[in-house]
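Below is one structure; the comments refer to it alone.
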Amino acid sequence: MVPLLYFQLLGAALFGIGLYGVLARRSAVLIVLSIELMLNAVNINLIAAASYLNGIGRFDAFDGQIIAIFVITVAAAEVGLAFAIILRMYRNRGTVNVDEINILKW
Amino acid sequence: METGLTTNLHLLTPEFALTALAFLVFTVDLFLPERSKEWLAGLSVVSLVAVMVVALVMRPAGSVELYGGLIVVDDFGLFFKIFFLGIGVGIIALSWEYARDRLQHRGEFYGLLLFSILGMNLLAMSRELLTAYISLELLSFSLYVMVAYGLREARSNEAGIKYIIIGALSSAIMLYGLSNIYAALGTTYFVGISEELASPAAASPVLWIGVALLVVGLGFKLSAVPFHMWAPDAYEGAPLPVTAYLAIGSKAAAFALTLRLFAEAIIPAVNLWGEWQLVIAVLAAITMLLGNLVALAQRNLKRLMAYSSIGHVGYALAGVAVLGSDFALAAKGVIFYLVVYAVTNLVVFAGITAYYNREGKDDIADLAGLADRQPFTAAAIAIGLFSLAGLPIFAGFTAKFYLFAAVADGGMLWLAGVAIFTSLVSLYYYLQVMRQMYIESPAHDTHNAAAHQAHDEHDDIHQHAVHDEPPAPPMPRPSWLLAGTMGVGLLVVTWLGVYPRPLLGLIEMASKAIVPLG
Chain A
1 MVPLLYFQLL
11 GAALFGIGLY
21 GVLARRSAVL
31 IVLSIELMLN
41 AVNINLIAAA
51 SYLNGIGRFD
61 AFDGQIIAIF
71 VITVAAAEVG
81 LAFAIILRMY
91 RNRGTVNVDE
101 INILKW
Chain B
107 METGLTTNLH
117 LLTPEFALTA
127 LAFLVFTVDL
137 FLPERSKEWL
147 AGLSVVSLVA
157 VMVVALVMRP
167 AGSVELYGGL
177 IVVDDFGLFF
187 KIFFLGIGVG
197 IIALSWEYAR
207 DRLQHRGEFY
217 GLLLFSILGM
227 NLLAMSRELL
237 TAYISLELLS
247 FSLYVMVAYG
257 LREARSNEAG
267 IKYIIIGALS
277 SAIMLYGLSN
287 IYAALGTTYF
297 VGISEELASP
307 AAASPVLWIG
317 VALLVVGLGF
327 KLSAVPFHMW
337 APDAYEGAPL
347 PVTAYLAIGS
357 KAAAFALTLR
367 LFAEAIIPAV
377 NLWGEWQLVI
387 AVLAAITMLL
397 GNLVALAQRN
407 LKRLMAYSSI
417 GHVGYALAGV
427 AVLGSDFALA
437 AKGVIFYLVV
447 YAVTNLVVFA
457 GITAYYNREG
467 KDDIADLAGL
477 ADRQPFTAAA
487 IAIGLFSLAG
497 LPIFAGFTAK
507 FYLFAAVADG
517 GMLWLAGVAI
527 FTSLVSLYYY
537 LQVMRQMYIE
547 SPAHDTHNAA
557 AHQAHDEHDD
567 IHQHAVHDEP
577 PAPPMPRPSW
587 LLAGTMGVGL
597 LVVTWLGVYP
607 RPLLGLIEMA
617 SKAIVPLG
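Line order of the protein sequences matches chains A and B. Okay, so the first sequence: first residue is 1 according to my numbering, each after it adds one. Okay, so the second sequence: first residue is 107 according to my numbering, each after it adds one.
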């Protein structure tokens, strides 16, 4: 059996890549995509932890899978909402580049 | 303690009713002609009040768990439910005229407001991390749409984009924390977390990362300082009633979750790592300092209120930091502070909205001479700001007194000192607004506000003596609804400042419901 730690490292790496994407990307669409990556890291973490807990005899522990399903659902809704607002921005200003979205500052 | 999934389901009637009514508002909106959408505001107010009554009538004795412990119906939840529903009524009163004149699709606005209040209510009742997260998202999603409600306004769009990106990022961080806590402890129930935390065997890097990221995620939602950067932009770009709602509602809801989370999950386990208090205290201190100091430099009224609200989050966080010492005292201080802050902010925002509805401007310099043109609005804003600054007679003073006393009592005298110092700083920028309203003359400002700003320090003496400008035209009266909101709000602010005992009694009852076991 693959140890839990490997999955957690994979999750942490994915989370880090997503966080880097949020900070480094210029396009609002790609930033949302990076946030999705972070949420998938969460899902890997949850499911690995749930099956690990099952493995050590806590058979009632499928909370992890259930939470993962909720996370997927909420993430889908979030992306829909974010893209709707980004689309609005694009129609009004003709750009989705977050560097150019700078009317409001300080 | 074994509860089936459907036992006591009737206790959730207020929430089911609120859901149904929110859908009803959306449905009715489809069939109403544009000119009679006002009815939806009325329908929303009626449903909020009805839900309030139902919640009060159905109050159970003690606390009752539902869905196997995911949700609990207790006095703490009930208090916050009434509080949130009241905020909803206030925001609808605030937004009625604004929505009619300046918002498109205003039927959906009220529906979203009801859904966000549903999210807040569930947040105050949830006793498990995933449930809390879903409720928080229900609240946040409605707020994202409401912030971006000005369809063709670039400012509103921009605020919406910034808010949703940072909001989604913060919930991803919070979820990652949740997943680590689950991996380390095998449970996401608050009670389970506190039980697992109490055993020293639980300590592991994964657990610390989890708890830390959870606090970071909460920090984003509260707009505590290192995580505050979305707040000023979202506040400034959002339509004014939504700014008020962000400042009042979302803050109060996030604090309801924070209080319950700390009381039921974290404080019972302080023997594992006592220094968590210091972390929260430092967070509170920098939040107070930065929020209040940056507010000094603001020109825009909404942005000023954003930084001021960050400062106020700092005060309330200071109360959270001492929850571990004397829970009852600190929790009472924080909840009372939240209520007072909400009522006072409602008055201030009602005043600003009354001004904005007539003039369509929201810079501080635009308020010049408001006292001559519209005395009541100016007086309401001034009294509200005095209360926010914490001057006696008004509720702000009493609330700060209780809160800071609790902080000092909890052994964090330095934190209380920082709080008092920053309160003085806040008085300075609140007085700037009042100076514009009461001392500056309006005509002077209309064309060169920027140049005026530079040397107005030694200017205003001459101004009245030398220039004898014709008085600005009086502003049309604020609508009866806004004037009524301001009037009632001012009465409550004064009443709570002079005689807070009845409310404190209720708050004590509420905070008893979540008192930690340890």
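We put the CB at the ideal spot given by N, CA and C, even for glycine.
request  = Could you tell me which uninterrupted beta strand (DSSP E) segments, each at least 3 residues in length, are contained entirely in the region 147-205 of chain B, listed from first to last along the chain?
outcome  = Within the region 147-205 of chain B, the complete beta strand (DSSP E) runs of at least 3 residues are 170-172 and 177-179.
message = Buried or exposed for R101 (chain B), going by 16 or more other Cβ atoms inside 10 Å?
response = Residue 101 (chain B) cannot be examined here, being either before or after the span of chain B that is shown, 107 to 624.
Cβ neighbour criterion (16 or more within 10 Å) applied to Q210 (chain B) = Counting Cβ neighbours within 10 Å, Q210 (chain B) comes out exposed, since fewer than 16 surround it.
inquiry  = Among B:L236, B:R261, B:A265 and B:D468, whose alpha-carbon lies nearest the alpha-carbon of Y250 (chain B)?
reply    = Closest option to Y250 (chain B), Cα to Cα, is B:A265.
DSSP-derived helix/strand/coil call for A478 (chain B) = Looking at the sequence itself, residue 478 (chain B) is Asp, so the reference to Ala does not match. Three-state DSSP puts D478 (chain B) in a helix.
ask   = Closer than 7 Å, Cβ to any Cβ of chain A: which residues of the region 259-273 of chain B, in chain order?
value = Listed in sequence order: A260, R261, N263, E264, A265, G266, I267, I270 and I271.
inquiry  = Does any residue of chain A have a CB that is nearer than 9 Å to the CB of P338 (chain B)?
reply    = By this cut-off, P338 (chain B) is an interface position.
message = Just to confirm before moving on: does the CB-CB distance between I386 (chain B) and F433 (chain B) stay below 9 Å?
response = Not a contact, by the Cβ cut-off of 9 Å.
request  = Would you kindly work out how many angstroms separate the C-alpha atoms of H334 (chain B) and A484 (chain B), rounded to a whole number?
outcome  = The straight-line gap separating the alpha-carbon atoms of H334 (chain B) and A484 (chain B) is approximately 29 Å.
ask   = Looking at chain C, which residues of the region 85-105 of chain A have a Cβ within less than 7 Å of any of its Cβ atoms?
value = Given the protein chain composition of this structure (A and B), no chain C is represented.
query = Under the DSSP definition of a beta bridge, which residues are partnered with E614 (chain B)?
reply = According to DSSP, E614 (chain B) bridges with nothing at all.
task = Taking L320 (chain B) and A360 (chain B) to be in contact with their CB atoms under 8 Å, please state how far apart those CB atoms are, rounded to whole angstroms.
result = Contact between L320 (chain B) and A360 (chain B) is absent: CB atoms are separated by about 13 Å, not below the 8 Å threshold.
query = Which first and last residues belong to the alpha helix (DSSP H) in which H116 (chain B) is found?
reply = That residue, H116 (chain B), is in no alpha helix (DSSP H); it is neither H nor E in DSSP.
Same chain only: Cβ atoms within 6 Å of L363 (chain B), ignoring 5 sequence neighbours per side = Result list for L363 (chain B): L229 and A238, in chain order.
key: Selection of the region 245-257 of chain B by Cβ proximity to chain A, strictly under 8 Å   = Going along the region 245-257 of chain B in chain order, one finds F247, Y250, V251, A254 and L257 with a Cβ nearer than 8 Å to chain A.
key: Per-residue contacts from G64 (chain A) into chain B (C-beta, under 7 Å)   = Listed along the chain, the chain B residues whose CB falls inside 7 Å of the CB of G64 (chain A) are Y288.
message = So with CB distances below 7 Å, who are the chain A contacts of L281 (chain B)?
response = Chain-order list of chain A residues neighbouring L281 (chain B): L39, V42 and V71, by C-beta distance under 7 Å.
inquiry  = I want to see whether chain A comes within less than 9 Å of L384 (chain B), judged by CB atoms only; does it?
reply    = For L384 (chain B), the answer is no, since every Cβ of chain A falls outside 9 Å of its Cβ.
message = For A278 (chain B) and L39 (chain A), I'd like the C-alpha separation in whole angstroms.
response = C-alpha separation (whole angstroms): 6 Å.
key: Reduced DSSP secondary structure (H/G/I, E/B, other) of D99 (chain A)   = Assignment of D99 (chain A) by DSSP, reduced to helix, strand and coil, places it in the coil class.
inquiry  = Taking CB distances under 9 Å as the criterion, tell me whether S329 (chain B) reaches chain A.
reply    = When Cβ-Cβ separations below 9 Å define contact, S329 (chain B) makes no contact with chain A.
ask   = What span of residues does the alpha helix (DSSP H) with V22 (chain A) cover, start to end?
value = DSSP places V22 (chain A) in the uninterrupted alpha helix (DSSP H) bounded by L4 to A24.
inquiry  = If you reduce the DSSP assignment to three classes, tell me which class S310 (chain B) lands in.
reply    = The answer is coil: DSSP assigns S310 (chain B) none of H, G, I, E or B.
key: Enclosing alpha helix (DSSP H) for Y52 (chain A) [first to last residue]   = Boundaries of the alpha helix (DSSP H) around Y52 (chain A): A28 to G55.
message = Taking 7 Å as the limit between beta carbons, can you name the residues of its chain near I270 (chain B), skipping five residues before and five after?
response = Excluding its 5 nearest sequence neighbours in each direction, I270 (chain B) has C-beta neighbours in its own chain below 7 Å: Y250, listed in chain order.
inquiry  = What are the residues in the region 339-362 of chain B lying within 8 Å of chain A by C-beta distance?
reply    = Residues passing the 8 Å Cβ filter: D339, E342 and G343.
task = Rank B:K143, B:P347, B:A260 and B:V322 by C-alpha distance to the C-alpha of T459 (chain B) and give the top, closest one.
result = When each option's Cα is compared against that of T459 (chain B), the closest is B:P347.
query = Between Y443 (chain B) and A505 (chain B), which are expected to be in contact by the criterion C-beta below 8 Å, what is the C-beta distance as a whole number of angstroms?
reply = Confirmed, about 5 Å.
key: Within 9 Å, strictly: CB atoms of W336 (chain B) and I272 (chain B)   = Less than 9 Å separates the beta-carbon of W336 (chain B) from that of I272 (chain B).
key: Any chain B beta carbon closer than 9 Å to A13 (chain A)   = So, not an interface residue.
Interface residues of chain B facing L46 (chain A) [CB-CB closer than 7 Å] = Chain B residues near L46 (chain A): S285 and Y288.
key: 9 Å Cβ cutoff met for A448 (chain B) and M411 (chain B)   = If you check the CB distance, A448 (chain B) and M411 (chain B) do not come in under 9 Å.
task = Note down, in chain order, every chain B residue with its Cβ under 9 Å from the Cβ of A28 (chain A).
result = Correct list: I267 and I271.
inquiry  = I need the boundaries of the alpha helix (DSSP H) containing N451 (chain B), first residue and last residue.
reply    = Where N451 (chain B) is concerned, the enclosing alpha helix (DSSP H) stretches over F433 to E465.
key: Where T73 (chain A) falls, given that 16 or more other Cβ within 10 Å makes a residue buried   = T73 (chain A) should be labelled exposed.
inquiry  = To be precise: take each residue of the region 308-324 of chain B, compare its Cβ to all Cβ atoms of chain A, and keep it if any distance is under 8 Å. Which residues remain?
reply    = Result list: V312.
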